[in-house]
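Data block below; observations after.
Numbering (the working numbering), first residue to last: 508 to 765.
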């Protein structure tokens, strides 16, 4: 009875209204109910079959077209970027606090209530500096140069811009490694990091997959590509917590080299 009631709830409005009820005791006509349930089961089976066929067709299309080559690229880049992101706030605040105090400071060693004034001021200084560079690179430069790169990519092909974007995407990782070793400071390092994230290979990769995959599976393939990038972003921070910052920077460089 419970199973039949669950199946009855999945019927469409037209199927339910077509059922005949007795005016005396409101009993459902068994033949109408049975036919409606069978029809609902048939439609559900057809929908499940179409979903499985669509998923299999997407996998075959991605492999056949060669679009699968972009999946490990964005997965590795997502891991590389997210491995260095957890340490960036500390490096930023420590740099501005040390500059204001004219001596080395590690603001994370202090409790919030006991933090010295340079550490307190370093937070807004860090936000201000990063916001200015993000405005310049992600808004002004990307708004100006992205259409130009897109036009050149349409004319001369995707591979060169994929290679260029991958090299630029590796800049944040290597810049962070040099900063952990004392080469350069945050003022010099952050612009390279912003440039790498703004002009990375994501745009050319999406265009490359869009060119290869048929129109039927294009949206699903692009969603899969973005999912690979965000999957790497999920795994990066837990991996970075397993080692020291210097070791995480080295491993991130290895990933970027791959």
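The beta-carbon is built from N, C-alpha and C at its ideal position, and this holds for glycine as well. If you're wondering where the values come from, they're calculated on a predicted model, not measured in any experiment.
- With fewer than 16 other Cβ atoms from the protein chains shown falling within 10 Å of its own Cβ, residue 741 counts as exposed.
- Around the Cβ of residue 720, a 10 Å sphere holds 16 or more other Cβ atoms; the residue is buried.
- One thing to note: residue 712 has its Cβ no nearer than 8 Å to the Cβ of residue 618.
- Put simply, of 697, 593, 702, 688 the residue whose alpha carbon is nearest the alpha carbon of residue 674 is 702.
- Taking all protein chains in view, the Cβ of residue 652 is surrounded by fewer than 16 other Cβ atoms within 10 Å, so the residue is classified as exposed.
- In the DSSP annotation of this structure, the continuous segment of the alpha helix (DSSP H) that includes residue 661 starts and ends at 649-663.
- Annotated as distal: residue 596 and residue 640, with beta-carbon spacing of 8 Å or more.
- Judged by beta-carbon spacing, residue 738 lies beyond the 8 Å limit of residue 565, meaning their Cβ atoms are not closer than that value.
- Residue 600 sits buried, since 16 or more C-beta atoms from the chains shown fall within 10 Å of its C-beta.
- Every unbroken stretch of the alpha helix (DSSP H) spanning 4 or more residues and falling wholly within the region 578-645 is given here in chain order: 595-608, 624-641.
- Going by C-alpha positions, residue 715 is about 9 Å away from residue 664.
- Taking a cut-off of 8 Å for Cβ pairs, the region 625-637 and the region 602-616 touch, as three or more such pairs fall below it.
- When secondary structure is reduced to three states using DSSP, residue 573 falls in the coil class, being assigned neither helix nor strand.
- Residue state for residue 689 is assigned as coil, using DSSP reduced to three classes.
- Straight through space, the alpha carbons of residue 621 and residue 705 are spaced by roughly 37 Å.
- Here residue 587 is near residue 680, since their CB atoms are less than 8 Å apart.
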